[in-house]
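Colleague: What follows is a structure written as structure tokens; I'll ask about it next.
Residue numbers (the working numbering): 379 to 703.
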């Protein structure tokens, strides 16, 4: 019975997040005609693809008890870097994408090394990385740059058909691919277990002989590469690059990760919960847009209030279950 109770407690945050998503989507479907449709469901994935991809990397970082405030700025830098190379210098997309991902990984590795080697707070190091990336993006170009390339047109027009009514665009497929890879890394590889051990108790992880330093640097490297990949997906989705793209997205990513059941202190969480958190975020935005009576600023206010309410509710339920066990 105690083993069963332990399993229930461990999976309760994921279950609560799933329940919130079902209730939210069901309520919106009853309130707005046309909300419950394949198109809206698919758009929840496509419209939030680069947020979801960034949140996958953020989940791994938070597993280890860390944080990364640079992801939104890296998305903005990557988008304008890619657009400038392709449209301004005639570089092929593959070369531009490779360079962008490489720079994102290099920044992540540098921040991870500073955090581990010099024992600096992750908050301050990644805050510096945020300013560096955002400044570098505006140094490249202060305005949006459109991308006209056959590959971008082909990817933008590509979709996977599941019957006559369901068309899954490339952005949604890329999000699902990143989630699948992240799930394997987080829950079926030693790397993921090491991250959770570090987040649970770093000193214990060191005493167990786990490669703490190498793992911490690696997770920030992967997160930097993931943020760069999210920036590339953003250029595919919008057809342009913009140095201001991704402003505030790091906070959205942290919110959906925590709302998905991952403890901000580290040591506990589930990547599928992050996906559910992204879908909750998208459902709230879509419902407010369907309403049509609120401005975009009110949309942000309501989304923030609802996200905070969901996080507090989830934490209350988890602590209550722990006291009863």
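A virtual CB, placed ideally from N, CA and C, is assigned to each residue, including glycine.
For the beta strand (DSSP E) that residue 538 lies in, which residues bound it at each end?
Modeller: 537-540
Colleague: What is the rounded straight-line gap between the Cα of residue 686 and the Cα of residue 467?
Modeller: 44 Å
Colleague: Less than 8 Å separating the beta-carbons of residue 630 and residue 505?
Modeller: no
Colleague: As a quick exercise: from 488, 484, 459 and 489, pick the residue whose alpha carbon is nearest that of residue 475.
Modeller: 459
Colleague: Taking the C-alpha atoms as reference points, what is the distance between residue 398 and residue 655?
Modeller: Cα to Cα, the separation comes out at about 9 Å.
Colleague: Enumerated in chain order, which unbroken segments of the alpha helix (DSSP H) with a length of 4 residues or greater are wholly contained in the segment 459-542?
Modeller: 471-495, 500-518 and 528-535
Colleague: Alpha carbon to alpha carbon, what distance is there between residue 635 and residue 392?
Modeller: 11 Å
Colleague: Secondary structure at residue 442, three-state DSSP: helix, strand or coil?
Modeller: coil
Colleague: Would you say the beta carbon of residue 432 is closer than 7 Å to some non-hydrogen atom of the ligand ADP?
Modeller: By its list of ligands, the structure shown contains no ligand whatsoever, and the ligand ADP lies outside what it can speak to.
Colleague: Just to confirm the assignment, what range does the beta strand (DSSP E) spanning residue 547 have?
Modeller: Per DSSP, residue 547 belongs to the beta strand (DSSP E) from 544-547.
Colleague: With 16 other CB atoms within 10 Å as the buried threshold, where does residue 535 fall?
Modeller: exposed
Colleague: From which residue to which residue does the alpha helix (DSSP H) around residue 596 run?
Modeller: 590-616
Colleague: Can the beta-carbon of residue 570 be found less than 8 Å from the beta-carbon of residue 563?
Modeller: Yes, the Cβ-Cβ distance between residue 570 and residue 563 is below 8 Å.
Colleague: Please go through the same chain and pick out, in chain order, the residues whose beta-carbon is closer than 6 Å to the beta-carbon of residue 423, but skip the five residues on each side of it.
Modeller: 550 and 553
Colleague: Going by DSSP, name the residue or residues bridged to residue 619.
Modeller: Among the bridge pairs identified by DSSP, residue 619 is matched with 523.
Colleague: Helix, strand or coil for residue 640 per DSSP?
Modeller: coil
Colleague: Roughly how many whole angstroms lie between the Cα atoms of residue 409 and residue 588?
Modeller: 52 Å
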